[in-house]
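Student:
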Amino acid sequence: MAAKNYARFLPEAVDSVLAQTCADWELLIIDDGSSDDTPEVVRPYLADRRVRYFRSDTLGQPRAKNLGIALSRGRFVAFLDADDAWESTKLEKQLAVFAAKPEVGVVYSKRVLMDERGRVLPVNVGGAFPRGFVLPHMFTQNFVCFSSVVVKREVFAHVGRFDPLWDLSIDYDLWLRVATFYPFDFVDEELVRYRTGHGNLSKKLRDRVDTAMSIMHRAESRYGVADHVSAPVIADGYASTCQTLSYVMRPSDPVESLRWSARALRWPARRIVSLKGLVAGTLAALRGARVPGSPENATANL
1395 MAAKNYARFL PEAVDSVLAQ TCADWELLII DDGSSDDTPE VVRPYLADRR
1445 VRYFRSDTLG QPRAKNLGIA LSRGRFVAFL DADDAWESTK LEKQLAVFAA
1495 KPEVGVVYSK RVLMDERGRV LPVNVGGAFP RGFVLPHMFT QNFVCFSSVV
1545 VKREVFAHVG RFDPLWDLSI DYDLWLRVAT FYPFDFVDEE LVRYRTGHGN
1595 LSKKLRDRVD TAMSIMHRAE SRYGVADHVS APVIADGYAS TCQTLSYVMR
1645 PSDPVESLRW SARALRWPAR RIVSLKGLVA GTLAALRGAR VPGSPENATA
1695 NL
């Protein structure tokens, strides 16, 4: 659990680990230079010898998570963002999948959304939940909720850890590497409560898309994705990323939304959808009206 200035959410996250029906775990909290009262919030939990706390000096997300991996000792590594929470049976059900399918490298699950106060939101978190060889799906859309994953430790020795080159979308880069070599599986239950509405996703959207595009290009040219994924699927991945940004930006910046819809036209696989986005964005720009959008529930590699 990498944490920075999330003291207000930490108790719910840590309590959800303590409540696991599988009791054979260790929790490493990596405090990446918090300026709030994170150390005081964590201190009572250290009475449980399974909870370990490490204070770092603003390593950044990739290095903080890598430190947690390096310090951990189990055969499996799970991630829990400090503002999210697990259901009590999460680890038990995911470890059962590994026991039944030892070839699997990653097991993930569905999620529910909750607001800043922890209230579950009546939002349909749909989407695809592929299993097996998921690389073509992963290139098109990062469908894995980060706080839901459990990863076999040997995977990191094979493909590496989080790349410090990226500040955003660090999980997407990792999953592309993992999916090249290992099957994924999932538990068809909502085992994670994912907190939304308190971050600054919309403020970083352009940076996220630029990063995602760079990650996709590197995966295509250096990770050998093009050897396993067809050209139409690769094109679809680039186009869908542009279209998602166009959709998310439409309420606040219809003109910029139009630019991203136009950019998506470069890839013919989604040209009809992109044209529909151009029409919708044009109407929104002409009306000057806000159009419903949901950055937290948008599906792409952001």
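Here the sequence shown is numbered in this note's numbering, starting from 1395 and rising by one per residue. Just so it is clear, CB atoms sit at the ideal spot from N, CA and C, and this is done for glycine as well.
On the three-pair Cβ rule with 8 angstroms, is the segment 1643–1650 touching the segment 1611–1620?
Tutor: Because the criterion of three Cβ pairs below 8 angstroms is not met, the segment 1643–1650 and the segment 1611–1620 do not touch.
Student: Does residue 1618 come out as helix, strand or coil in the three-state DSSP assignment?
Tutor: What you label residue 1618 is simply residue 224 of the sequence shown in a count that begins at 1. Coil at residue 1618, not helix or strand.
Student: Tell me whether residue 1395 sits in a helix, a strand or coil according to DSSP, three-state version.
Tutor: Within the sequence shown, numbered from 1, the residue matching residue 1395 stands at position 1. Coil, per DSSP.
Student: Do you know whose CA, among 1454, 1571, 1412 and 1544, lies nearest residue 1552's CA?
Tutor: Residue mapping note: residue 1552 aligns to position 158 of the sequence shown, counting from 1. The shortest C-alpha separation from residue 1552 is found at 1571.
Student: Using a Cβ-Cβ cut-off of 6 angstroms (strictly less than) and excluding sequence neighbours within five positions of residue 1461, which residues of its own chain qualify?
Tutor: Counted from its first residue, the sequence shown places residue 1461 at position 67. Correct list, in chain order: 1424.
Student: Return the chain-ordered ranges of every alpha helix (DSSP H) run that is complete within the segment 1455–1487 and spans a minimum of 4 residues.
Tutor: 1455–1465, all fully within the segment 1455–1487.
Student: Quick test of your reading: residue 1449 and residue 1558, contact by CB under 8 angstroms. State the CB separation rounded to the nearest angstrom.
Tutor: As a first step, residue 1449 must be located in the sequence shown, where it is residue number 55. As a first step, residue 1558 must be located in the sequence shown, where it is residue number 164. With a Cβ gap of about 19 angstroms, residue 1449 and residue 1558 do not count as contacting.
Student: Figure out for me which residue from 1576, 1535 and 1489 has the closest Cα to the Cα of residue 1527.
Tutor: Residue 1527 sits at position 133 when you count from the first residue of the sequence shown. Per the Cα distances, 1576.
Student: Assess contact between the segment 1429–1449 and the segment 1499–1506, defined as three or more Cβ pairs (one per stretch) separated by less than 8 angstroms. Is contact present?
Tutor: No, the segment 1429–1449 does not touch the segment 1499–1506.
Student: Does DSSP put residue 1426 in a helix, a strand or coil?
Tutor: What you label residue 1426 is simply residue 32 of the sequence shown in a count that begins at 1. If DSSP states are grouped into helix, strand and coil, residue 1426 belongs with the strands.
Student: Nearest-angstrom Cα distance between residue 1380 and residue 1404?
Tutor: Only positions 1395 to 1696 of the chain appear in this structure, which leaves residue 1380 out of reach.
Student: If you run the structure through DSSP and keep just helix, strand and coil, what is residue 1533?
Tutor: By 1-based counting over the sequence shown, the position of residue 1533 is 139. Note: residue 1533 maps to helix in three-state DSSP.
Student: Look up residue 1565 in the DSSP assignment and say whether it is helix, strand or coil.
Tutor: Numbered from its first residue, the sequence shown carries residue 1565 at position 171. Here residue 1565 sits in helix by DSSP.
Student: DSSP three-state label for residue 1412, please.
Tutor: As a position in the sequence shown, residue 1412 is number 18, starting the count at 1. Residue state, collapsed to three classes: helix.
Student: Would the C-beta of residue 1561 count as close to the ligand MN, meaning under 7 angstroms from any of its heavy atoms?
Tutor: Ligands are entirely absent from the displayed structure, and the ligand MN is therefore not among its contents.
Student: Going by DSSP in three states, residue 1491 sits in which element: helix, strand or coil?
Tutor: As a working note, residue 1491 is residue 97 in the sequence shown. In the structure shown, residue 1491 sits in a helix (DSSP, three-state: H, G or I).
Student: What do you get for residue 1513, buried or exposed, if any count of 16 or more other CB atoms within 10 angstroms of its CB means buried?
Tutor: Numbered from 1 along the sequence shown, position 119 holds the residue referred to as residue 1513. Label assigned to residue 1513: exposed.
Student: Determine the direct distance from the alpha carbon of residue 1485 to that of residue 1415, and round the result to whole angstroms.
Tutor: For the purposes of this step, residue 1415 is taken as the residue at position 21 of the sequence shown. For the purposes of this step, residue 1485 is taken as the residue at position 91 of the sequence shown. The straight-line gap from Cα to Cα measures roughly 8 angstroms.
Student: Starting from residue 1697, follow the alpha helix (DSSP H) in both directions and report where the run begins and ends.
Tutor: In this structure the chain extends from 1395 to 1696, so residue 1697 is not present and cannot be described.
Student: Which two residues bound the contiguous beta strand (DSSP E) that contains residue 1503?
Tutor: On the sequence shown, residue 1503 is found 109 positions in, with the first residue counted as 1. It spans 1500–1508 - the beta strand (DSSP E) in which residue 1503 sits, taken as one unbroken run.
Student: Pick helix, strand or coil for residue 1657, following the three-state DSSP scheme.
Tutor: Sequence index remark: in the sequence shown, residue 1657 carries index 263 (1-based). Helix, per DSSP.
Student: Taking 8 angstroms as the cut-off, decide whether the C-beta atoms of residue 1436 and residue 1421 are in contact.
Tutor: Within the sequence shown, residue 1436 is the residue found at index 42, counting from 1. Within the sequence shown, residue 1421 is the residue found at index 27, counting from 1. Taking 8 angstroms as the Cβ cut-off, residue 1436 and residue 1421 do not qualify as a contacting pair.
Student: Look up residue 1601 in the DSSP assignment and give the residues it is bridged to.
Tutor: The residue labelled residue 1601 in the question sits at position 207 within the sequence shown. DSSP, once it has assigned bridges, lists no residue as partnering residue 1601.
Student: Got a sec, what are the start and stop residues for the beta strand (DSSP E) residue 1434 sits in?
Tutor: Here residue 1434 refers to the residue found at position 40 of the sequence shown. Element bounds for residue 1434: not the beta strand (DSSP E) but the alpha helix (DSSP H), 1432–1436.
Student: So who's on the other strand from residue 1631, going by DSSP bridges?
Tutor: Here residue 1631 refers to the residue found at position 237 when the sequence shown is read from its first residue. Answer is none; residue 1631 lacks a bridge partner.
Student: Less than 8 angstroms between the C-beta atoms of residue 1463 and residue 1540, yes or no?
Tutor: Residue numbering aside, residue 1463 sits at position 69 when the sequence shown is read from its first letter. Residue numbering aside, residue 1540 sits at position 146 when the sequence shown is read from its first letter. For residue 1463 and residue 1540, no; Cβs fall outside 8 angstroms.
Student: What residues are listed by DSSP as bridge partners for residue 1639?
Tutor: Here residue 1639 corresponds to residue number 245 of the sequence shown, with the count starting at 1. Bridge partners of residue 1639: none, in fact.
Student: In terms of residue numbering, what span does the beta strand (DSSP E) encompassing residue 1584 cover?
Tutor: Counting from one through the sequence shown, the residue named residue 1584 turns up at place 190. Taken as a continuous stretch (DSSP letters only), the beta strand (DSSP E) holding residue 1584 covers 1578–1589.
Student: Of the choices 1654, 1459 and 1620, whose alpha-carbon is the least far from that of residue 1562?
Tutor: If you number the sequence shown from 1, residue 1562 lands on position 168. The shortest C-alpha separation from residue 1562 is found at 1459.
Student: What do you get for residue 1410, buried or exposed, if any count of 16 or more other CB atoms within 10 angstroms of its CB means buried?
Tutor: As a position in the sequence shown, residue 1410 is number 16, starting the count at 1. Classification of residue 1410: buried, given that the 10 Å Cβ count is 16 or more.
Student: Report yes if the CB atom of residue 1556 is closer than 8 angstroms to the CB atom of residue 1502, and no otherwise.
Tutor: Within the sequence shown, the letter at position 162 stands for residue 1556. Within the sequence shown, the letter at position 108 stands for residue 1502. Going by C-beta atoms, residue 1556 is not nearer than 8 angstroms to residue 1502.
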